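Taking it in order: structure first as structure tokens, then the write-up.
Protein chains: 2
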Amino acid sequence: MREKTERIVREWSDSCDAEVSIAVLGGAWKPSILTLLGEHEVLRFGELGRLLQDPTSRVLTRQLRELEEDGLITRTVYRQVPPKVEYRLSELGVSATPLLGELTRWGTQYAEQQRSSLNRVPSPSE
Amino acid sequence: MREKTERIVREWSDSCDAEVSIAVLGGAWKPSILTLLGEHEVLRFGELGRLLQDPTSRVLTRQLRELEEDGLITRTVYRQVPPKVEYRLSELGVSATPLLGELTRWGTQYAEQQRSSLNRVPSPSE
DNA sequence: TCACGTACTTACCTTTTGGATACTGTCAGA
DNA sequence: TCTGACAGTATCCAAAAGGTAAGTACGTGA
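As they're listed, the protein sequences go chains A and B.
FYI, the numbering for the first sequence is 1 to 126, going by the working numbering.
FYI, the numbering for the second sequence is 1001 to 1126, going by the working numbering.
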């Protein structure tokens, strides 16, 4: 576990564990990474980068490391040149996919709702 | 909508709307605030503060304003002295409660799992 | 000998977020 | 006249998060 995750797991124990989920799943690219890994089973570093439309490698590396530390994905290194590294969902990661589905569904619904009210009221009266 | 939320709704449209959900629900105290409002129907500013174990009023105010801007809660001001302000879930906020439930359930499960593996391996072999 | 591909790392910068502290306005009641 | 309740604001600060740009390692093929 990351230090941050561990702190939250300890401090907020019991009530409001939603904070824990958000600490683990929240962060630029993380939902996308997990969703992609759910769809593709295995992806290499470069493949992920391309599918995500090129976050800088520094950022992608950090997100992947954090997900790994938090136990959601596994990282397999093949000792060869040029290097080859494979990422896939861990058991814990797989257990999160229904939740990711719910997050996506609600997010889609929310975005549609907000977009349509933006159209109805182009600028709020002023 | 907050500017941040709007940016995310626009830029990430369609795929990976989980980012939207996390943008709206994530943030210190927000899941707790929404859960409490789901349980109590109506809460005043001071009541919320006490139930959350006293975040500074500045922080609480900001979280509440953001939730209001994003359309999840409503704010009712009674023009009287001393002031009285009531917060409750909007329709959109109510629609998020099942999702919050899922976040809490997965978070609880995750925390338990991680706590038990912490006990099994007090320090990872080094 | 040199560029190439892959998966990074290092150093640095900017923005966002959360929080500590102190202050405001107003009326009722002591 | 002073205090207290309530619901905030105003200022400032530190840490976290996200991002840019450039460099690293190493064997293969031209």
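Cβ coordinates follow ideal geometry from the N, Cα and C atoms, glycine included.
Note that this is a predicted model, so its numbers are computed, not measured.
Between residue i and residue j, what straight-line distance do the alpha-carbon atoms span, to the nearest angstrom?
i, j, result
"A/T61", "B/L1099", "29 Å"
"A/R88", "A/P31", "14 Å"
"A/R10", "A/C16", "12 Å"
"B/G1101", "A/L103", "12 Å"
"A/L36", "B/R1105", "23 Å"
"A/L51", "B/L1025", "26 Å"
"A/R2", "A/A28", "16 Å"
"A/Q149", "B/E1039", "Because chain A is modelled from 1 through 126, residue 149 of chain A falls outside the range shown and cannot be assessed."
"A/N119", "B/N1119", "54 Å"
"A/W12", "A/A111", "30 Å"
"B/E1066", "B/Q1113", "33 Å"
"A/G49", "B/G1049", "43 Å"
"A/L56", "B/R1007", "Note on identity: in this sequence residue 56 of chain A is Thr, with Leu being the wrong assignment. Their backbone Cα atoms lie some 20 Å apart in a straight line."
"B/P1082", "A/D70", "47 Å"
Any heavy atom of the ligand MG inside 7 Å of the beta-carbon of residue i?
i, result
"A/Q113", "In the structure on display, the ligand MG does not appear, and there are no ligands present to speak of."
Report the CB separation of residue i from residue j in whole angstroms; it is logged as a contact under 8 Å.
i, j, result
"A/A23", "A/T5", "6 Å"
"B/R1044", "B/K1084", "7 Å"
"B/E1068", "B/R1058", "Actually they are not in contact, since the Cβ atoms of B/E1068 and B/R1058 sit about 16 Å apart, beyond 8 Å."
"B/A1096", "B/L1072", "6 Å"
"A/L34", "A/G107", "Between A/G107 and A/L34 the Cβ distance is about 14 Å, and since that is not below 8 Å, they are no contact."
"A/V42", "A/E86", "5 Å"
Would you list the residues sitting across from residue i in a DSSP beta bridge?
i, result
"A/V77", "A/V85"
"A/R2", "Answer is none; A/R2 lacks a bridge partner."
"A/R44", "A/E86"
Here's the rule: buried if 16 or more other CB atoms are within 10 angstroms of the residue's CB, otherwise exposed. What is residue i?
i, result
"B/D1054", "exposed"
"A/V77", "exposed"
"A/S117", "exposed"
"A/V20", "buried"
"A/G46", "exposed"
"A/Q80", "exposed"
"A/S125", "Any reading at A/S125 must be qualified, since the residue scores a pLDDT of 42, below 50, and its modelled position is unreliable; no value is offered."
Legend entry - Where the stretch 57 to 78 of chain A meets chain B: residues whose CB sits under 8 Å from a CB there: G71
Inset, instruction - Can you give me, in chain order, the residues of the stretch 2 to 20 of chain A that have a beta carbon less than 9 Å from any beta carbon in chain B? - result: T5, E6, I8, V9, R10, W12, S13, D14, S15, C16, D17, A18, E19, V20
Inset, instruction - Closer than 7 Å, Cβ to Cβ, to anything on chain A: give me those residues from the stretch 1101 to 1112 of chain B, in chain order. - result: E1102, L1103, T1104, W1106, G1107, T1108, Y1110, A1111
Legend entry - Under 7 Å (Cβ pairs) to chain A, residues found in the stretch 1028 to 1045 of chain B: P1031, S1032, T1035
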